[in-house]
Amino acid sequence: MMQKIKVIKKTRADFKIAPNLPDYEAAARKFEKWSDFERELTFFEDGKINAAYNAIDRHVSSWRKNKIALYFESETGDKKAFTFYDMQVLSNKACNVLKSLGLERGERAFVFLPRIPELFYCFLGIQKAGAIAGTMFSAFGPQALEDRLGSSDAEIVITNRELSPRVEKVKNKLPHLKHIIVVDSPDFMKRMNKASSIAHIAHMDWDEGAFMLYTSGTTGKPKGVVHRHGAILMEHLTAKWVLDLHDSDTYWCTADPGWVTGIAYEILGSWSNGATSVIYEGRFDPAKWYEILERYKVTVWYTAPTAIRLLMAAGEDLPKKYDLSSLRHLCSVGEPLNPECVLWGQKVLGLPFHDNYWQTETGGIVIANYPAMDIKPGSMGKPVPGITAAIVDDKGKKVGVGKEGNLALSPGWPSLMKTIWRRPQKYDSYFFILWVALMM
1 MMQKIKVIKK
11 TRADFKIAPN
21 LPDYEAAARK
31 FEKWSDFERE
41 LTFFEDGKIN
51 AAYNAIDRHV
61 SSWRKNKIAL
71 YFESETGDKK
81 AFTFYDMQVL
91 SNKACNVLKS
101 LGLERGERAF
111 VFLPRIPELF
121 YCFLGIQKAG
131 AIAGTMFSAF
141 GPQALEDRLG
151 SSDAEIVITN
161 RELSPRVEKV
171 KNKLPHLKHI
181 IVVDSPDFMK
191 RMNKASSIAH
201 IAHMDWDEGA
211 FMLYTSGTTG
221 KPKGVVHRHG
231 AILMEHLTAK
241 WVLDLHDSDT
251 YWCTADPGWV
261 TGIAYEILGS
271 WSNGATSVIY
281 EGRFDPAKWY
291 EILERYKVTV
301 WYTAPTAIRL
311 LMAAGEDLPK
321 KYDLSSLRHL
331 CSVGEPLNPE
341 CVLWGQKVLG
351 LPFHDNYWQT
361 ETGGIVIANY
371 PAMDIKPGSM
381 GKPVPGITAA
391 IVDDKGKKVG
401 VGKEGNLALS
411 PGWPSLMKTI
421 WRRPQKYDSY
431 FFILWVALMM
């Protein structure tokens with residue numbers, strides 16, 4: 001007989017700080033249109049926008065100028081801290097270096113780096129130049145690189161000395177690739193030193209491409225998912241409502257930016273909210289992860305179910321060796337979060353993990369458990385305010401309660417993918433016209 005799992009009830013006493021979304025039901029009921037929230041962003045005088053500007057530069061004209069944006073720790077233990085002003089200067093310089101090499105608006109430039117500061121400010125620099133920023137996992141081999149750089153007609157790839165030989169192996173098969181930038185080379189360092197710290201940031205239309213990444217299907221070549229600059233509205237709001245980021249938070253998202261979570265909630269949405277982020281370059285190690293949580297006094301932690309299960313396997317005694325009292329909100333994404341993980345968090349860390357659901361194509365969280373909401377372990381939660389969701393059959397018809405089916409979302413949210421790169425039929429295949437018509 002299946003064991004009944006109890007709902008984790010919450011009271012005001014459970015919150016160290018008042019949630020940004022104190023009443024989910026009221027917010028969902030009152031939601032009218034996404035444009036009502038555009039005031040959360042900063043637009044240029046001509047009505048244009050730039051995602052990188054919203055993530056970093058707008059904070060420099062406020063009290064956040066000298067606030068820490070990024071705590072970085074390498075696998076060998078080297079530690080650095082960067083303010084929002086530092087990140088503005090570095091991304092401006094990167095933007096100017098890229099433009100001096102001929103990178104133009106709408107072209108593609110990819111970052112192929114481990115989780116080091118250069119990855120983050122070069123990504124932002126690409127967007128500031130008006131180009132489309134792409135990311136690739138540092139574990140990729142030559143064939144994966146060829147597939148992505150070739151499909152996208154990338155003009156530039158940014159890497160380091162350790163990874164560059166993999167690019168060199170396939171560069172002759174990439175006719176559009178003009179430059180391989182090696183961030184730890186004397187040439188790049190010289191260019192960065194000479195580059196101006198002031199950049200002309202591209203004023204982009206809401207719908208223009210901001211970033212892209214490739215997601216592998218079960219068959220065939222990986223598909224390039226392109227997201228628009230306007231996606232930052234969804235990333236900003238969900239980082240605020242679901243991750244519950246406040247100015248006082250130190251936030252750790254453990255995702256690699258080769259994955260959409262690392263872009264949306266380690267670069268754009270989190271920094272748009274002015275949060276201080278922690279980046280750890282090294283591989284997973286339970287003791288090291290607890291050490292990171294303790295050292296930086298992390299308050300909001302966003303990780304994956306596999307990592308949680310590995311922490312569980314390391315035992316309940318290990319976290320007792322560390323001061324984890326700073327933690328106030330735990331979130332998980334990437335795969336099904338089994339109830340045992342949620343309950344383990346509540347028992348061992350004093351906080352339940354909050355599951356949420358989204359995918360590369362949605363560009364941002366679409367279903368979630370919210371800080372002020374009671375948690376039913378095993379549940380993905382409820383749709384983000386403004387999102388309409390249903391379970392439908394293969395013909396797009398809603399099924400009854402307790403019936404299996406397909407998760408369908410009514411399109412129209414800001415971070416919905418702009419396109420599948422050069423595959424319009426694949427893009428169209430995502431949509432049920434009948435169900436969409438019924439929901440309008």
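Per UniProt numbering, residue 1 is the first one in the sequence shown, and the count goes up by one each step.
Where is the CB? At the ideal position from N, CA and C, for every residue including glycine.
Within a 10 Å sphere around the beta-carbon of W271 sit 16 or more other beta-carbons, which makes this residue buried. Using a Cβ distance threshold of 9 Å, T303 and S332 count as a contacting pair. Taking one beta carbon from each stretch, the segment 77-95 and the segment 194-207 have 3 or more pairs nearer than 8 Å; the two touch. When rounded, the separation of the alpha-carbon atoms in G130 and R295 is 37 Å. With a 10 Å radius around the Cβ and a threshold of 16 neighbouring Cβ atoms, V399 comes out exposed. W241 is positioned such that its CB atom lies closer than 9 Å to that of N20. DSSP, read as helix, strand or coil, puts M380 in coil. P319 is positioned such that its CB atom lies closer than 9 Å to that of V348.
DSSP, reduced to helix, strand and coil, places E340 within a helical segment of the structure shown. The three-state reading of DSSP puts N193 in helix, counting H, G and I together. By alpha-carbon distance to T261, the top candidate from F44, Q359, G230 and E340 is Q359. If the five residues before and after T299 are omitted, its C-beta is found closer than 6 Å to the C-beta atoms of D249, T250, S326 and R328, all from its own chain and listed in chain order. Excluding the 5 residues flanking it on each side, V226 has same chain C-beta neighbours closer than 6 Å at G209, M212, K418, T419 and W421, in chain order. About 5 Å separates the beta carbon of L351 from that of L330, a gap short enough to meet the 8 Å contact definition.
Distances from the alpha-carbon of D153 to those of P371, D207, S91 and G224 put G224 closest.
In the three-state scheme derived from DSSP, where H, G and I count as helix and E and B as strand, T276 is classed as strand. In the displayed model, Y24 falls within a helix according to three-state DSSP.
Boundaries of the alpha helix (DSSP H) harbouring I292: P286 to R295, taken from the DSSP string.
Here I49 is near H229, since their CB atoms are less than 9 Å apart. Put simply, the segment 64-74 touches the segment 274-282. At least three CB pairs are less than 8 Å apart. Short of 8 Å from the beta carbon of S379, and not among the five residues preceding or following it, lie these beta carbons of its own chain, in chain order: D355 and N369. Separation of K80 and P257 (C-alpha to C-alpha, rounded to the nearest whole angstrom) is 19 Å. Residue environment for Y430: exposed (fewer than 16 other C-beta atoms within 10 angstroms of its C-beta). The three-state reading of DSSP puts K398 in strand, counting E and B together. Three or more Cβ pairs closer than 8 Å define a contact, and the segment 148-164 meets that threshold against the segment 177-188. Between A389 and L416, the CB-CB gap reaches or exceeds 9 Å.
Using a Cβ distance threshold of 9 Å, R166 and Y214 do not count as a contacting pair. With contacts defined by Cβ atoms closer than 9 Å, I17 and F123 do not form a contacting pair.
Shortest Cα-Cα distance from P222 to any of S151, K190 and S62 involves S151. Cβ contact annotation for T276 (same chain, cutoff 8 Å, sequence separation greater than five): K67, I68, A69, L70, Y71, D249, T250 and Y251, in chain order.
According to DSSP, G224 shares a beta bridge with Y214.
In terms of Cα proximity to N172, the closest of L90, G402 and L145 is L145.
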